[in-house]
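In our numbering, the protein residues as written are -12 to 512. Beta carbons are placed, not taken as given, at the ideal position from N, Cα and C, and that holds for glycine. All of these numbers come straight from a predicted model, not from anything done at the bench.
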């Protein structure tokens, strides 16, 4: 379940990144674990004394560099640079170089005419970024998609949980409903994942055999949607009127919500006026959304009952369940699973063999079953998943509005922010910060193994909070943080129980990587 506050499906422009081939000696297991899951990590004494605490140094107060330019004209120019003429990453890099600062003023898409005020203060380092998680300093009301808000007709006329600030009365009620959903499904997750993704891998094998290659994304979309319906609601979509249409219906619905901040790869002079000048009308997906609503309403009786106990109408509960399941959770699996497979695939056979050996030996030692306790023993597997979340988080854009006058600190300077100003953070820059992560631009599979690796987990921020934190009704950290981590680990475990190694081709997609499987080597040991 992607963040309940900020899973923005932005176009992920793929860059040519590298990975490191590291040796993997006998490591101390990572102790950070799925909450409410017993950890079986082995504690070893530290090999050296911890360093003395770093003394607090008062940073100089600087004026925030940059400006917003000429109204209307500059925001449009910035939007074109962001999407087309520079590209997202280069847009930010060029401004860092220009201002010699990771904190600066800029305009963020969509700008005119969809967003009345595109002005933001940009935060691009690991020190300034976490202020976006501090609910005492920033407000999260209606900033889920940034400087604009989609038409409420797309969510039944309700402001769903993602758009609520923790101070609003409905926030705690709705987040408790999501906790109830997760708790109710906990015993179905591992068996349903195994069943659904066994079918997924069978389909990959068949497509690879008949066509010579297999598209990962489309099969993953169907498997992910089916898995969520079965594990959360105990319903197989194929046995209902929805059939296999779930992923395509969700895609159209999400497109209308996020089109102002998406790039579909069309020529700029066609795409920009089509997507970024005016919001697409909700009427285009009214019938599609109604089909989703009918499916969820019929499948979620116990959760609608629980919602009423919490003081939420059945209708509002249903719209929130749709958003949480389809936008947040399915959206996260749709983006992150191909991205993770991309990074693991690029690492090649050496890492694959090491993962296969660790996973299979651990499963055998746990009676041949995949268990939560067993996965806690798989130190390399866990590190690989953490590293995938670090290097390419599925939650790239974060927003928050300053509740009061405050001071923000980067590594080098401090900056005064006025009440009401919009703060924006681009997470991939914060989670690759070279002052925190050595070789931050590279995929390092063993980065989070051992005592020093564990210390870095607080800088893994994909869940709208640090990996070391926990979601509560009083914060905006993803309610399904532990669920998402669990299913991501399950994908790697199921993959390497079945295969020794695999090869891929990677293309561009508006929502992450487009992965094609070109080779699958079945397990030989």
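Item to complete: Report the option in 285, 378 and 352 whose CA atom is closest to the CA atom of residue 326.
Response: By 1-based counting over the chain shown, the position of residue 326 is 339. Among 285, 378 and 352, the Cα nearest to that of residue 326 is on 378.
Worksheet item: Per DSSP, residue 504 forms a beta bridge with which residues?
Response: Sequence index remark: in the chain shown, residue 504 carries index 517 (1-based). In the DSSP output, where bridge partners are listed per residue, residue 504 has 201 and 491.
Fill in: Simplified DSSP assignment, three categories, for residue 497
If you number the chain shown from 1, residue 497 lands on position 510. Residue state, collapsed to three classes: coil.
Practice prompt. List the endpoints of the continuous beta strand (DSSP E) containing residue 404.
Written response: Looking up residue 404 in the chain shown gives position 417. 401 to 404 is the span of the beta strand (DSSP E), which, as asked, contains residue 404.
Worksheet item: Taking just the CA atoms, how far does residue 425 sit from residue 156?
Response: The count along the chain shown starts at 1 and reaches residue 156 at position 169. The count along the chain shown starts at 1 and reaches residue 425 at position 438. Whole-angstrom Cα-Cα distance: 43 Å.
Fill in: Neighbourhood of residue 97 by C-beta distance below 7 Å, restricted to the same chain and skipping five residues each side
Residue numbering aside, residue 97 sits at position 110 when the chain shown is read from its first letter. Hits under 7 Å: 66, 135, 247, 248 and 263.
Fill in: Per-residue DSSP class, three states only, for residue 94
Position 107 of the chain shown, counting from 1, holds the residue named residue 94. In the three-state DSSP reduction, residue 94 falls in the strand class (E or B).
Worksheet item: If you follow the alpha helix (DSSP H) that residue 244 is part of, which residue opens it and which one closes it?
Response: Translated into positions along the chain shown, residue 244 becomes position 257. Note, residue 244: alpha helix (DSSP H), 233 to 245.
Worksheet item: Would a C-beta distance cut-off of 8 Å place residue 53 and residue 86 closer than the cut-off?
Response: For the purposes of this step, residue 53 is identified with residue 66 of the chain shown, where counting begins at 1. For the purposes of this step, residue 86 is identified with residue 99 of the chain shown, where counting begins at 1. Taking 8 Å as the Cβ cut-off, residue 53 and residue 86 qualify as a contacting pair.
Item to complete: Give a yes or no on contact between the region 340 to 351 and the region 238 to 245, applying the rule of three or more CB pairs nearer than 8 Å.
Response: no
Worksheet item: In terms of residues, what are the limits of the alpha helix (DSSP H) holding residue 388?
Response: Counting from one through the chain shown, the residue named residue 388 turns up at place 401. Per DSSP, residue 388 is not a residue of any alpha helix (DSSP H); the beta strand (DSSP E) it occupies stretches across 384 to 389.
Worksheet item: Among the residues of its own chain, which have a CB less than 6 Å from the CB of residue 477, if the five just before and after it don't count?
Response: Here the question's residue 477 lines up with position 490 in the chain shown. Cβ neighbours of residue 477 beyond the five flanking positions: 180.
Worksheet item: Buried or exposed: residue 12, going by 16 or more other Cβ atoms within 10 Å of its Cβ?
Response: Here residue 12 corresponds to residue number 25 of the chain shown, with the count starting at 1. Summary for residue 12: the model assigns pLDDT 39, below 50, so the residue's position carries little reliability, and this model does not support an answer.
Worksheet item: Between residue 297 and residue 451, is the Cβ-Cβ spacing less than 8 Å?
Response: For the purposes of this step, residue 297 is taken as the residue at position 310 of the chain shown. For the purposes of this step, residue 451 is taken as the residue at position 464 of the chain shown. 8 Å or more divides the Cβ of residue 297 from the Cβ of residue 451.
Discussion item. Would residue 403 and residue 48 qualify as a contact pair, given that the criterion is a beta-carbon distance under 8 Å?
Written reply: As a working mapping, residue 403 is identified with position 416 in the chain shown. As a working mapping, residue 48 is identified with position 61 in the chain shown. Yes, these two residues count as a Cβ contact at 8 Å.
Worksheet item: In terms of residues, what are the limits of the alpha helix (DSSP H) holding residue 374?
Response: Position 387 of the chain shown, counting from 1, holds the residue named residue 374. Looking at the DSSP string, the run of the alpha helix (DSSP H) that includes residue 374 is 366 to 378.
Discussion item. Using the three-state DSSP reduction, which class does residue 460 fall into: helix, strand or coil?
Written reply: Taking the first residue of the chain shown as 1, we reach residue 460 at position 473. It is coil, neither helix nor strand.
Fill in: Residue nearest to residue 434 in terms of C-alpha spacing, selected from 480, 485 and 376
Residue mapping note: residue 434 aligns to position 447 of the chain shown, counting from 1. Of 480, 485 and 376, the residue nearest in Cα terms is 376.
Worksheet item: Does the distance from the CB of residue 431 to the CB of residue 374 come in under 8 Å?
Response: Translated into positions along the chain shown, residue 431 becomes position 444. Translated into positions along the chain shown, residue 374 becomes position 387. Contact check for residue 431 against residue 374 passes: the beta carbons are separated by less than 8 Å.
Practice prompt. Inspect the beta-carbon positions of residue 293 and residue 301 and report whether they are closer than 8 Å.
Written response: Against the chain shown, residue 293 aligns to sequence position 306. Against the chain shown, residue 301 aligns to sequence position 314. No.
Item to complete: Flag residue 447 as yes when its Cβ comes closer than 7 Å to any non-hydrogen atom of the ligand SAM, and as no otherwise.
Response: The model depicted lacks the ligand SAM and carries no ligand whatsoever.
Worksheet item: Do three or more CB pairs link the region 389 to 402 to the region 490 to 503 at distances below 8 Å?
Response: Too few Cβ pairs lie closer than 8 Å, so no.
Discussion item. Between which residues of its own chain and residue 93 is the CB-CB distance below 7 Å, once the five residues before and five after are set aside?
Written reply: Residue 93 sits at position 106 when you count from the first residue of the chain shown. Correct list, in chain order: 53, 65, 82, 107 and 109.
Practice prompt. Would you kindly report the start and end of the unbroken alpha helix (DSSP H) that includes residue 359?
Written response: The residue labelled residue 359 in the question sits at position 372 within the chain shown. Here the alpha helix (DSSP H) through residue 359 covers 359 to 363.
Item to complete: Report the three-state DSSP secondary structure of residue 437 (helix, strand or coil).
Response: In the chain shown, residue 437 corresponds to position 450, counting from 1. The answer is helix: DSSP assigns residue 437 an H, G or I state.
Fill in: As assigned by DSSP and simplified to three states, the class of residue 135
Along the chain shown, one-based indexing puts residue 135 at 148. Reduced to three states, the DSSP call for residue 135 is coil.
Item to complete: Leaving out five residues on either side along the sequence, give the residues of the same chain with a beta carbon under 7 Å from the beta carbon of residue 172.
Response: Translated into positions along the chain shown, residue 172 becomes position 185. 218 and 219.
Practice prompt. Please state whether DSSP places residue 511 in a helix, a strand or coil.
Written response: Against the chain shown, residue 511 aligns to sequence position 524. Reduced to three states, the DSSP call for residue 511 is coil.
Discussion item. Quick check on DSSP: helix, strand or coil for residue 393?
Written reply: Here residue 393 refers to the residue found at position 406 when the chain shown is read from its first residue. DSSP places residue 393 in the strand class (E or B) of the three-state scheme.
Worksheet entry | residue 150 (DSSP reduced to helix, strand or coil) | Here residue 150 is taken as the residue at index 163 of the chain shown, counted from 1. Of the three classes helix, strand and coil, the one that applies to residue 150 here is helix, per DSSP.
Discussion item. Considering only the alpha carbon of each residue, which of 259, 279, 270 and 193 lies closest to residue 224?
Written reply: Taking the chain shown and counting its residues from 1, one reaches residue 224 at position 237. Checking every option, the nearest Cα to that of residue 224 belongs to 279.
Discussion item. Out of 321, 196 and 383, which one is the CA nearest neighbour of residue 234?
Written reply: Here residue 234 refers to the residue found at position 247 of the chain shown. Distance check between residue 234 and each of 321, 196 and 383 places 321 closest, using alpha-carbon atoms only.
Worksheet item: On the premise that residue 418 lies in contact with residue 458, defined as a C-beta separation below 8 Å, what is that separation, rounded to the nearest angstrom?
Response: Along the chain shown, read from residue 1 onward, the residue named residue 458 stands at position 471. Along the chain shown, read from residue 1 onward, the residue named residue 418 stands at position 431. The C-beta distance from residue 458 to residue 418 rounds to 19 Å, too long to fall under 8 Å, and the pair is not in contact.
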